[in-house]
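K.L.:
Protein chains in written order, with this note's numbering: chain A, 250 to 387; chain B, 250 to 387; chain C, 250 to 387.
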Amino acid sequence: MISYRQELWFNVPGRRAFINITPQVDEALRTAGVKEGLVLVNAMHITASVFINDDEAGLHHDYEVWLEKLAPHEPVNQYRHNGYEDNADAHLKRQVMGREVVVAITNGKLDLGPWEQIFYGEFDGGRKKRVLVKIIGE
Amino acid sequence: MISYRQELWFNVPGRRAFINITPQVDEALRTAGVKEGLVLVNAMHITASVFINDDEAGLHHDYEVWLEKLAPHEPVNQYRHNGYEDNADAHLKRQVMGREVVVAITNGKLDLGPWEQIFYGEFDGGRKKRVLVKIIGE
Amino acid sequence: MISYRQELWFNVPGRRAFINITPQVDEALRTAGVKEGLVLVNAMHITASVFINDDEAGLHHDYEVWLEKLAPHEPVNQYRHNGYEDNADAHLKRQVMGREVVVAITNGKLDLGPWEQIFYGEFDGGRKKRVLVKIIGE
Numbered sequence: 250m251i252s253y254r255q256e257l258w259f260n261v262p263g264r265r266a267f268i269n270i271t272p273q274v275d276e277a278l279r280t281a282g283v284k285e286g287l288v289l290v291n292a293m294h295i296t297a298s299v300f301i302n303d304d305e306a307g308l309h310h311d312y313e314v315w316l317e318k319l320a321p322h323e324p325v326n327q328y329r330h331n332g333y334e335d336n337a338d339a340h341l342k343r344q345v346m347g348r349e350v351v352v353a354i355t356n357g358k359l360d361l362g363p364w365e366q367i368f369y370g371e372f373d374g375g376r377k378k379r380v381l382v383k384i385i386g387e
Numbered sequence: 250m251i252s253y254r255q256e257l258w259f260n261v262p263g264r265r266a267f268i269n270i271t272p273q274v275d276e277a278l279r280t281a282g283v284k285e286g287l288v289l290v291n292a293m294h295i296t297a298s299v300f301i302n303d304d305e306a307g308l309h310h311d312y313e314v315w316l317e318k319l320a321p322h323e324p325v326n327q328y329r330h331n332g333y334e335d336n337a338d339a340h341l342k343r344q345v346m347g348r349e350v351v352v353a354i355t356n357g358k359l360d361l362g363p364w365e366q367i368f369y370g371e372f373d374g375g376r377k378k379r380v381l382v383k384i385i386g387e
Numbered sequence: 250m251i252s253y254r255q256e257l258w259f260n261v262p263g264r265r266a267f268i269n270i271t272p273q274v275d276e277a278l279r280t281a282g283v284k285e286g287l288v289l290v291n292a293m294h295i296t297a298s299v300f301i302n303d304d305e306a307g308l309h310h311d312y313e314v315w316l317e318k319l320a321p322h323e324p325v326n327q328y329r330h331n332g333y334e335d336n337a338d339a340h341l342k343r344q345v346m347g348r349e350v351v352v353a354i355t356n357g358k359l360d361l362g363p364w365e366q367i368f369y370g371e372f373d374g375g376r377k378k379r380v381l382v383k384i385i386g387e
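#1: Counting only runs of 4+ residues fully inside the stretch 259 to 335 of chain B, write out the alpha helix (DSSP H) ranges in chain order.
#2: Determine the closest residue to PRO262 of chain A out of A:GLY375, A:ILE385 and A:LYS358, with distance taken between C-alpha atoms.
#3: By DSSP, does ARG254 of chain B sit in helix, in strand, or in coil?
#4: Please work out which residues of its chain come closer than 7 Å, Cβ to Cβ, to LEU278 of chain B, disregarding the five sequence neighbours upstream and downstream, and give them in chain order.
#5: Is any non-hydrogen atom of the ligand NAP found closer than 7 Å to the C-beta of HIS309 of chain C, if you look at the structure I gave you?
#6: Have a look at LEU316 of chain B and GLU371 of chain B and give me their C-alpha separation to the nearest angstrom.
#7: How about ILE251 of chain B and GLY386 of chain B: do their beta carbons lie closer than 8 Å?
#8: If you measure between the beta carbons of VAL380 of chain C and VAL299 of chain C, is that distance less than 8 Å?
#9: Does GLY357 of chain B get closer than 8 Å to chain C when you measure Cβ to Cβ?
#10: Please list, in chain order, the chain B residues whose beta carbon lies closer than 8 Å to that of PHE368 of chain A.
#11: DSSP three-state label for LEU361 of chain B, please.
#12: In the stretch 319 to 352 of chain C, which residues sit with their C-beta less than 9 Å from some C-beta in chain A, listed in chain order?
#13: Under DSSP, the alpha helix (DSSP H) around ARG343 of chain A begins and ends at which residues?
#14: So which of A:ASP304, A:GLY347 and A:VAL382 has the shortest CA-CA distance to ILE295 of chain A?
#15: If you draw a straight line from the C-alpha of ASN260 of chain C to the C-alpha of TYR328 of chain B, how long is it?
#16: If you count every other CB in all the chains shown that lies within 10 Å of the CB of ASN291 of chain C, and 16 or more means buried, which is it?
#17: If you count every other CB in all the chains shown that lies within 10 Å of the CB of GLU318 of chain B, and 16 or more means buried, which is it?
#18: Indicate whether ALA439 of chain A and ASP373 of chain A have their beta-carbon atoms separated by less than 8 Å.
#19: Within the 8 Å Cβ cut-off, does ILE268 of chain A reach chain C?
#20: List the residues of chain C whose Cβ lies closer than 8 Å to the Cβ of ASN302 of chain B, in chain order.
#21: Considering only their Cβ atoms, is the gap separating VAL350 of chain C from GLU285 of chain A smaller than 8 Å?
#22: For LYS383 of chain C, would you say it is in contact with chain B, using Cβ-to-Cβ distances shorter than 8 Å as the test?
#23: Under 8 Å between beta-carbons, which chain B residues line up against LEU278 of chain A? List them in chain order, please.
#24: Chain B beta carbons: is any one of them nearer than 8 Å to that of ASP360 of chain A?
#25: Using three-state DSSP, classify GLU371 of chain C as helix, strand or coil.
#26: How big is the Cα-Cα spacing for LEU341 of chain A and VAL283 of chain C?
#27: Using 10 angstroms around the beta-carbon of VAL314 of chain B, count the other beta-carbons present and answer buried if the total reaches 16, otherwise exposed.
#28: Could you tell me the alpha carbon to alpha carbon distance between ILE268 of chain A and ASN336 of chain B, rounded to whole angstroms?
#29: Starting from GLY282 of chain C, find everything on chain A with Cβ-Cβ shorter than 9 Å and list it in chain order.
#30: When you compare the CB of ARG254 of chain A with every CB in chain C, is at least one pair closer than 8 Å?
#31: Which first and last residues belong to the beta strand (DSSP E) in which ARG379 of chain C is found?
#32: Candidates C:ILE270, C:TYR333 and C:GLU256: which alpha carbon is nearest GLU365 of chain C's?
#33: To the nearest angstrom, report how far apart ASN331 of chain A and GLN273 of chain B are at their CA atoms.
#34: Closest by CA to HIS310 of chain A, which one among A:VAL382, A:ARG265 and A:ARG254?
#35: In chain A, which residues lie with their C-beta within 7 Å of the C-beta of GLY375 of chain C?
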């Protein structure tokens, strides 16, 4: 069994962003040299997500508006978590979008559907944060 | 390590549906012949879900009503994604219900709890779409 | 390939609770003796979750309030699932928080970010329920 680990680092200037990380995961897979197996891609921070959806700017705007409606940032004092922090909404948004994806590896490639792209979802930016890519297989 | 891959195809006539795919995943596992390992079951399309919950018609109705409240289909022009399409709501609903499940394989069987059933959730039907079943183990 | 399976049992007195199960998953990993691989931790019941987030009481209160707003328990007759039961809201809440997490194993340890903790989320307590820990690797 081959095992491979890589971290992807991000430093989003604003509070929120969606970043397509499919190329980086693809490159990690080529480095790992696994032909058949699974890749786990997860946010290592609890105010960020890794999810799979469409690389379309209109949809990302829709996600932003929708998540802000489901779990508004303001007023920050509506959340008990926000004693010393103001990121409670980010912990909520991340649950809707998810922490991780598991993707099949087939014939040495990410076994994705036609429009599937892997995204890092940042909900509390302004500092360095990481994503873990863990590959196991043969 | 054994690796096995199978696609399940669907063509839901209406816009939305929940389909129990546990028997198909079970049969894929018997074909793969894996005794210990993991099975990944994921929608290959970004307006559909694979999730685990109860096979109970009342609950499925509740999911339908609830998702429509959280991410309404109409009016379609409330979403920027809906320039040429009308399925932005389906991309949102799919995030709530999830893209994938990972199920343990123990003694050659899906290691599910007493009421756990695997579902395909369609949120933008009327065309052919796929689910990936990927099994790894021994 | 090493394969290891363990069940964690819970009996939450009230209806809802969040319980940090990181120590139990950590101990299962030590028992399994896997150095490189994946651990799947999933609720075996469909009104409960396993998720990763912060071990902070204020945030858990925020989750409780937020989930009750997204999928209220009362009035119970708003849900068709609630013919003989009153737990439809628990099936909905669990979808928001998720069924499972997959965590990387690196150098014999759970490869978690600095604040990542694994939680059991109970949404319909008052009886014995289980979480499955399945470890595969080498």
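The C-beta atom is built at its ideal place from N, Cα and C for all residues, glycine as well.
P.N.:
Let me spell this out:
#1: 271 to 281 and 306 to 319, all fully within the stretch 259 to 335 of chain B.
#2: For PRO262 of chain A, the closest alpha carbon among the candidates A:GLY375, A:ILE385 and A:LYS358 is that of A:GLY375.
#3: Strand.
#4: Cβ neighbours of LEU278 of chain B beyond the five flanking positions: VAL288, ILE354, LEU359 and ILE384.
#5: The ligand NAP is absent from the structure shown, which contains no ligand whatsoever.
#6: Each residue's alpha carbon lies about 12 Å from the other.
#7: With a cutoff of 8 Å on beta-carbon distance, ILE251 of chain B and GLY386 of chain B are scored as near each other.
#8: Cβ atoms of VAL380 of chain C and VAL299 of chain C: closer than 8 Å.
#9: So, not an interface residue.
#10: Counting only Cβ-Cβ distances below 8 Å, PHE368 of chain A has no contacts in chain B at all, with the closest Cβ about 11 Å away.
#11: LEU361 of chain B: coil per DSSP, three-state reduction.
#12: Cβ contacts with chain A: LEU319, VAL345, MET346, GLY347, VAL350, VAL351 and VAL352.
#13: Run containing ARG343 of chain A: 337 to 346, per the alpha helix (DSSP H) assignment.
#14: Ranking A:ASP304, A:GLY347 and A:VAL382 by Cα distance to ILE295 of chain A puts A:GLY347 first.
#15: So the alpha carbons of these two residues sit roughly 43 Å apart.
#16: Around the beta carbon of ASN291 of chain C, 16 or more other beta carbons lie within 10 angstroms, which makes this residue buried.
#17: Sequence check: residue 318 of chain B is Lys here, not Glu. Its Cβ having fewer than 16 others within 10 Å, LYS318 of chain B is exposed.
#18: One cannot answer for residue 439 of chain A here, as it falls past the ends of chain A, which runs 250 to 387.
#19: So, not an interface residue.
#20: The contacting residues are ILE295, HIS340, ARG343 and GLN344.
#21: Against a cut-off of 8 Å, the Cβ pair of VAL350 of chain C and GLU285 of chain A comes out as no contact.
#22: For LYS383 of chain C, the nearest CB of chain B lies under 8 Å from its own CB, placing it at the interface with that chain.
#23: Within chain B, no C-beta atom comes less than 8 Å from the C-beta of LEU278 of chain A; the nearest is roughly 14 Å away.
#24: Chain B contact via Cβ: present.
#25: Residue state, collapsed to three classes: strand.
#26: C-alpha separation (whole angstroms): 33 Å.
#27: It counts as exposed.
#28: Going from the Cα of ILE268 of chain A to the Cα of ASN336 of chain B covers about 22 Å.
#29: Annotation: GLY282 of chain C has no Cβ neighbours in chain A at a cutoff of 9 Å; minimum Cβ distance is about 15 Å.
#30: By this cut-off, ARG254 of chain A is an interface position.
#31: Element bounds for ARG379 of chain C: 377 to 386.
#32: Answer by Cα proximity: C:ILE270.
#33: Near 46 Å, if we compare the C-alpha coordinates of GLN273 of chain B and ASN331 of chain A.
#34: Here the closest residue by C-alpha is A:ARG265.
#35: The contacting residues do not exist; GLY375 of chain C stays about 24 Å from chain A at best.
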